[in-house]
Amino acid sequence: MESRRNPRAVVDPKVRQVGFFTSSQPDSTHQPDPIASESHPVASSISPSGNSLSPVMIPPPRHNSSDTFPLRAAAAAASAVSPSSFSYSTRRDFPDGSMTASPGRVSRASFSKPSSSLPGVGMDSMAAAKSSSVPASGLTTVSVVNMPPGLSEKESDQKKNSKPLKEKTTKAERRALQEAQRAAKAAAKAEGGKAPLVSSGSVASTNVKAAKPAKPSSQKNDVAVAAPGPSEKKGGQTEKDRKKDAPHPRMQYDDESRVVKAKRRAVVKQTEAKNRVELFRHLPQYEHGTQLPDLETKFFQLDPMHPAVYKVGLQYLSGDISGGNARCIAMLQAFQEVVKDYSTPSEKTLNRDMTAKISSYVSFLIECRPLSVSMGNAIRFVKNRIAKLPITLSESEAKAALQSDIERFINEKIIMADTVIVKHAVTKIRDGDVLLTYGSPTAVEMVLLHAHELKKKFRVLVVDSRPKLEGQLLLRRLIKRGINCTYTHINAVSYIMHEVTKVFLGASSVLSNGTVYSRVGTACVAMVASAFRVPVLVCCEAYKFHERVQLDSICSNELGDPNAISKVHGREDINYLDGLTNNANLQFLNLMYDATPSDYISMIITDYGMVPPTSVPVIVREYQKEHSLV
Amino acid sequence: MDFQVVILAGGFSSNLQPLVSKEVPKALLPVANRPVLSYVLDLLESSNLKDLIVVVEGEDAALKVGGWISSACVDRLHVEVAAVAENVGTAGALRAIAHHLTAKDILIVSGDIVSDVSPGAVAATHRRHDASVTAMLCAEPVSGPSESGVAGGKDKTKKPACYDIIGLDSSKQFLLHIATAAEIKKDTRIKKSILCAAGKMEIRSDLMDSHIYAFKRSVLQKVLDQKPTFRSLKQDVLPYLVRTQLRSEVFPDEKTVEDNGKNNMQNNEVVLSQILSNASLPSFHQVYESGLNSRKTYKCCVYIADESKYCVRLNSIQAFMDVNRDVIGDANHLSGYTFSSHHNIVHPSAELGSKTTVGPHCMLGEGSQVGDKCSVKRSVIGRHCRIGSNVKVVNSVVMDHATIGDGCSIQGSVICSNAQLQERVALRDCQVEAGYVVYAGGEHKGETFARK
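Sequences listed follow chains A and B, in order. With full-length UniProt numbering, letter number 580 in the first sequence gets 580, and the count goes up by one each step, no holes. With full-length UniProt numbering, letter number 184 in the second sequence gets 184, and the count goes up by one each step, no holes.
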């Protein structure tokens, strides 16, 4: 082990020169802007591959999905313009807007309307009339909620019952407004700088350009969203300007006043766990078991929350969905539902209102469980797409475009990416290999299954760890397919590493210094493997890459349920730690993630090919350029 | 949240004879001088559910209930009342209003529940598991020590009737078996396939089905269509769904539809669903489904209410007494009244004679008169009752406008509205129908007074 430590000191400087564009802008690590500002001249060129700036070539095997990007975008644009039959807006059908509040309500309103026209009286006649036409019974409205005409029922409920929620949305709206203003200012600046370029552009193209300079700030805002609480609005204009440049600070949960402030805004009741490990005070940790019942009882009170989002939030909170890909997909599918059911309130524009809505949903999801990097990227994508919707699109067109965008993100960035990763990774599996994997990574599982389908002869060692024991699930699925497996716990990893020929790991995120942020224990496995000179291959989709640099797993991590490590699942009789949970001298630490330094990793297999960890920043840059061009 | 709420308010229940009458359908039976339906409506309103459908058996009852709702809840709730034929059962009632159900999920609440369990929790559980049906179970109500022996004999004969036998999986989230005690004479059958799939079943008899269900609308409507003989939700529909959860007959055609989809798209979706399902701990349904890949399963979930919550159904005379006692006693947060320092409620307009004592856990309605030297213990007395002197009322319910003569002694009894008790009547565990006159001097025990 000690011999491996030494080279690390040599590698360290490499960490500091994050990104390869440092030569032009010396302080690029602190400023997020250069990425975008450098990409400006390139942005005008259409194809993402026509880029002369990158000093490092991306490995050649690019999968076809990225090639179809411009094509599809064009197709989407075409479809957005051509079908004139779609061009009516739903708002025009229901001028008062109250009926379009939700699909269920529309139909309800339509059938209850005739009866509500004669409220309370004539029940006999109503029932009789109905029963003569339909064999079943009719409904008689006996009590109606009287509303001022312009106000929809939902809104008034909201006003009455959920004051804090209401405030929250307005806050989000305010921020959306702020952002829009910022974008407008930036657009004005951009237009001033590149007037000749803009002169040829149509409305849509200026729109795209206008949104571009605003992008870095919105990226930072994603981080802001990830941390529900920073003092958003109290700062004046000067502070805001400063903030635009500096990355937004993460919410530090050891900062009392901010925690209190965040709690006031929270939807989910959050009882802070009492005994927390000192080093990890800055991370949120709540008393487990208090949040779920509380959220459940509030089910009908959370009126502005979309049911799909609520369901996903519940599933995060209860742990029904875990794993970067699954969580991301679940969230995106919920957002698709949101878009589907969305209708622009009167006196608002779709772009702004939708962004605000999504932001409020995201902060709800964060309350349920902190976001993963993959989700952060996906949210950024969705917001970007919303911001870039041409203002000329009608509501239904915009919704269709958004839905197909999200669909495309899922298909191309996750599913296609996985198939490409599988294609690459399978070439690394030879007959007679002994492969070790840790936990239950989706991509690795696909690789193994595909290799098995190709009739490769190999053996799998599944290493697992308490308390989640995800490896058992993987093991079950592998065995069902007839793959020869060995199962062991992480304590034994150094004993079995002798026989291993390759280590395949999954990742929650790959950061731009090549650090792999993954399920806790991954670092240990990777270190043992590299001590034994066993190659470590990490399978990770490129959408999980992030430009952040992280040197340890302390500053950003997630704390799990402390009870999970004090109890043994399925063994009620092992209760040596019962009653000690609130002992001041005992703190439980159930970390969820750890950071594996890049020198323990031989190769990262991603949808852009197999790259060394040092090439991650290139992909991050390339990927984000493509991202913004989508 | 895409939920529709249906309240099954029943009609003139035969269980509750003679308390219910043409004037008072079951839903309007007073519990602490408020109709029992108001407790349900309050519960729903507190969960922000304001669009309700109330289903009542019989036109007359519907008129009565509708009239009451429109007077009590106007401006607060949007309530629609549907009248269905009598004796169609709960399933029949739902069948009759099926064409009004449009939301994705339906929350069905019995109209006779007095409870403080949030219906939102049931709905949330339902959504979280994407279940076909979610039933709320609550702990069997423990008869408080207060009813000392008075109703003891009755208790023993009645209590087993509401026991349910409930089988849960090891995570206590899924319903594997449900049978009401009425069906079980000596033995009960448990499906082997379910037992095998779940691996472990916990059989509980201390839980009670509280008649709050969340159904997926499509499933509910299919079952109601396909099984026209089903009459009761609890005894037919729910056990049927639980029984067939691993070999669904409800959706036989869904698989074939999927096959016709585009190959590529479907492939993506398969991968998607695989990623999603691999991400979580598979429930036994999924394990079973993957074992036999032609079968379609669905989930029957349960929400088990916390033991500290109160939940009782008013479905028998005994329950009526218990609920009345609890609402002004142990579970007084439900009643919505503020209690005096003596733990009782005496309306300011009520008149008490000299040397009359009203004990704790009592309620005296508006405008009632109580004569001298009376004692009222653990009882509810309605509005405008006239009670003479030297009367003892213990563990009883006296409804509005009843007249009780001097020297009566009433224990564990229900006196309905407008009934009249002449002097020196002694009642023990009796029910007096509305408007009935009990003649002077009689001593009765365990009798029911009703006009034939």
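By construction, the Cβ of each residue, glycine as well, lies at the ideal position given by its N, Cα and C atoms. Being a predicted model, the structure only gives us computed values, none of them experimental.
Q: Please determine if the segment 8-26 of chain B and the segment 376-386 of chain B are in contact, where contact requires at least 3 C-beta pairs separated by less than 8 Å.
A: no
Q.
To the nearest angstrom, how far is the alpha carbon of residue 88/A from that of residue 394/A?
A. Taking the first residue of the first sequence as 1, we reach residue 88/A at position 88. Taking the first residue of the first sequence as 1, we reach residue 394/A at position 394. Because the pLDDT of residue 88/A is 39, which lies under 50, any placement of that residue in the model is unreliable, and the question is left without a value.
Q | Coarse secondary structure for residue 484/A, derived from DSSP in three states | A | In the first sequence, counting from the first residue as 1, residue 484/A sits at position 484. Reduced to three states, the DSSP call for residue 484/A is strand.
Q) Closest Cβ-Cβ distance between residue 231/B and chain A: below 8 Å? A) Taking the second sequence and counting its residues from 1, the one referred to as residue 231/B is at position 231. It does not: the Cβ of residue 231/B has no partner Cβ on chain A nearer than 8 Å.
Q) Bridge partners of residue 393/B, per DSSP? A) In the second sequence, counting from the first residue as 1, residue 393/B sits at position 393. Bridge partners of residue 393/B: 376/B, 410/B.
**Q.** Beta-bridge pairing of residue 133/B - partner residues as DSSP gives them
**A.** Walking along the second sequence from the start, residue 133/B turns up at place 133. Bridge partners of residue 133/B: 215/B, 300/B.
Q. Using DSSP with H/G/I as helix, E/B as strand and the rest coil, what is residue 43/B?
A. Counted from its first residue, the second sequence places residue 43/B at position 43. Helix at residue 43/B.
Q) For residue 381/A, which of helix, strand or coil comes out of DSSP? A) Start at 1 with the first residue of the first sequence, and residue 381/A comes out as number 381. Residue 381/A: helix per DSSP, three-state reduction.
Q | Contacting residues, own chain, Cβ-Cβ under 7 Å from residue 613/A (five flanking each side not counted) | A | Here the question's residue 613/A lines up with position 613 in the first sequence. Closer than 7 Å at Cβ, skipping near neighbours: 514, 598, 601, 604.
Q. Is there contact between the segment 525-537 of chain A and the segment 563-578 of chain A, where contact requires at least three CB pairs shorter than 8 Å?
A. no
Q) Taking Cβ positions, are residue 116/B and residue 333/B nearer each other than 8 Å? A) Here residue 116/B is taken as the residue at index 116 of the second sequence, counted from 1. Here residue 333/B is taken as the residue at index 333 of the second sequence, counted from 1. Yes, these two residues count as a Cβ contact at 8 Å.
Q: Could you confirm whether any beta carbon from chain A is found closer than 8 Å to the beta carbon of residue 382/B?
A: Taking the second sequence and counting its residues from 1, the one referred to as residue 382/B is at position 382. By this cut-off, residue 382/B is not an interface position.
Q: For residue 110/B, collect the residues of the same chain with a Cβ closer than 6 Å to its Cβ; drop the 5 residues on either side in sequence, then sort them by chain order.
A: Here residue 110/B is taken as the residue at index 110 of the second sequence, counted from 1. Once the five neighbours on either side are set aside, the close Cβ partners of residue 110/B are 8, 211.
Q.
Looking at chain B, is there any beta carbon in it that lies within less than 8 Å of the beta carbon of residue 561/A?
A. Mapped onto the first sequence, residue 561/A falls at position 561. It does not: the Cβ of residue 561/A has no partner Cβ on chain B nearer than 8 Å.
Q) With a cut-off of 8 Å, do at least 3 Cβ pairs link the segment 590-597 of chain A to the segment 541-560 of chain A? A) yes
**Q.** Neighbour-count burial assignment, residue 297/B, 16 or more Cβ in a 10 Å radius
**A.** To locate residue 297/B, count along the second sequence from 1; it is residue 297. So residue 297/B ends up on the buried side.
Q. Since residue 356/B meets chain A, which of its residues come closer than 8 Å, beta carbon to beta carbon?
A. By one-based count along the second sequence, residue 356/B stands at place 356. Residues of chain A passing the Cβ test: none, with the nearest at roughly 40 Å.
Q | Proximity of residue 428/B and residue 413/B at Cβ, strictly below 8 Å | A | Sequence index remark: in the second sequence, residue 428/B carries index 428 (1-based). Sequence index remark: in the second sequence, residue 413/B carries index 413 (1-based). Going by C-beta atoms, residue 428/B is nearer than 8 Å to residue 413/B.
Q. Buried or exposed: where does residue 442/A fall if 16 or more other Cβ atoms within 10 Å of its Cβ makes it buried?
A. Working through the first sequence from its first residue, we reach residue 442/A at position 442. So residue 442/A ends up on the buried side.
Q: Look at residue 57/B and residue 93/B and say whether their C-beta atoms are less than 8 Å apart.
A: Position 57 of the second sequence, counted from the first residue, corresponds to residue 57/B. Position 93 of the second sequence, counted from the first residue, corresponds to residue 93/B. In this structure, residue 93/B lies closer than 8 Å to residue 57/B by Cβ.
Q. So, residue 433/A versus residue 501/A, is the Cβ gap smaller than 8 Å?
A. The count along the first sequence starts at 1 and reaches residue 433/A at position 433. The count along the first sequence starts at 1 and reaches residue 501/A at position 501. Going by C-beta atoms, residue 433/A is nearer than 8 Å to residue 501/A.
Q) What residues in the segment 398-415 of chain A have a beta carbon less than 8 Å from any beta carbon of chain B? A) 410, 411, 414, 415
Q: Grab the span of the alpha helix (DSSP H) containing residue 328/B for me, first residue to last.
A: Your numbering for residue 328/B matches position 328 in the second sequence. Segment 317-328, the alpha helix (DSSP H) holding residue 328/B.
**Q.** Neighbour list for residue 110/B in chain A, Cβ cutoff strictly below 8 Å
**A.** In the second sequence, the residue the question calls residue 110/B occupies position 110. Here the premise fails: no neighbours, minimum Cβ distance about 18 Å.
Q: Could you work out which residue in 351/B, 114/B, 218/B is closest to residue 42/B when comparing CA atoms only?
A: Here the question's residue 42/B lines up with position 42 in the second sequence. Taking only the C-alpha atoms, the option nearest residue 42/B is 114/B.
Q: Can you say whether residue 415/A is buried or exposed, counting buried as having 16 or more other CB atoms within 10 angstroms of its CB?
A: Here residue 415/A is taken as the residue at index 415 of the first sequence, counted from 1. Under this definition residue 415/A is a buried residue.
Q: Give every residue of the same chain whose Cβ lies closer than 7 Å to the Cβ of residue 337/A, excluding the five residues on either side of it in the sequence, and list them in chain order.
A: By one-based count along the first sequence, residue 337/A stands at place 337. 306, 308, listed in sequence order.
Q: Report buried or exposed for residue 229/B, applying the criterion of at least 16 other Cβ atoms within 10 angstroms of its Cβ.
A: As a first step, residue 229/B must be located in the second sequence, where it is residue number 229. It is exposed - the Cβ of residue 229/B has fewer than 16 other Cβ atoms within 10 Å.
Q: Taking only the alpha-carbon atoms, compute the straight-line gap between residue 631/A and residue 554/A and give it to the nearest angstrom.
A: Nothing about residue 631/A can be reported from this structure: the residues present for chain A run from 1 to 630 only.
Q) Of the residues 425/A, 404/A, 368/A, which one's Cα is nearest the Cα of residue 456/A? A) Looking up residue 456/A in the first sequence gives position 456. Here the closest residue by C-alpha is 425/A.
Q | Among 141/A, 253/A, 621/A, 184/A, the one whose alpha carbon lies nearest that of residue 673/A | A | Within the shown structure, residues of chain A are numbered from 1 to 630, placing residue 673/A beyond reach of any answer.
Q) Taking any Cβ of chain A, which residues in the segment 114-132 of chain B have a Cβ under 7 Å from it, in chain order? A) 118, 120, 121, 123, 124, 125, 127, 128
Q: Determine the closest residue to residue 173/B out of 234/B, 220/B, 302/B, with distance taken between C-alpha atoms.
A: For the purposes of this step, residue 173/B is identified with residue 173 of the second sequence, where counting begins at 1. It is 302/B.
Q.
Taking only three categories from DSSP, how would you classify residue 331/B?
A. Within the second sequence, numbered from 1, the residue matching residue 331/B stands at position 331. Looking at residue 331/B - three-state DSSP - the assignment turns out to be coil, as it is neither helix nor strand.
Q: Using a Cβ-Cβ cut-off of less than 8 Å, list which residues of the segment 33-51 of chain B approach chain A; keep chain order.
A: 47, 48, 49, 50, 51
Q.
I'd like to know whether the C-beta atoms of residue 407/B and residue 424/B end up nearer to each other than 8 Å.
A. As a working mapping, residue 407/B is identified with position 407 in the second sequence. As a working mapping, residue 424/B is identified with position 424 in the second sequence. Yes; because the gap between Cβ atoms is below 8 Å, this pair is in contact.
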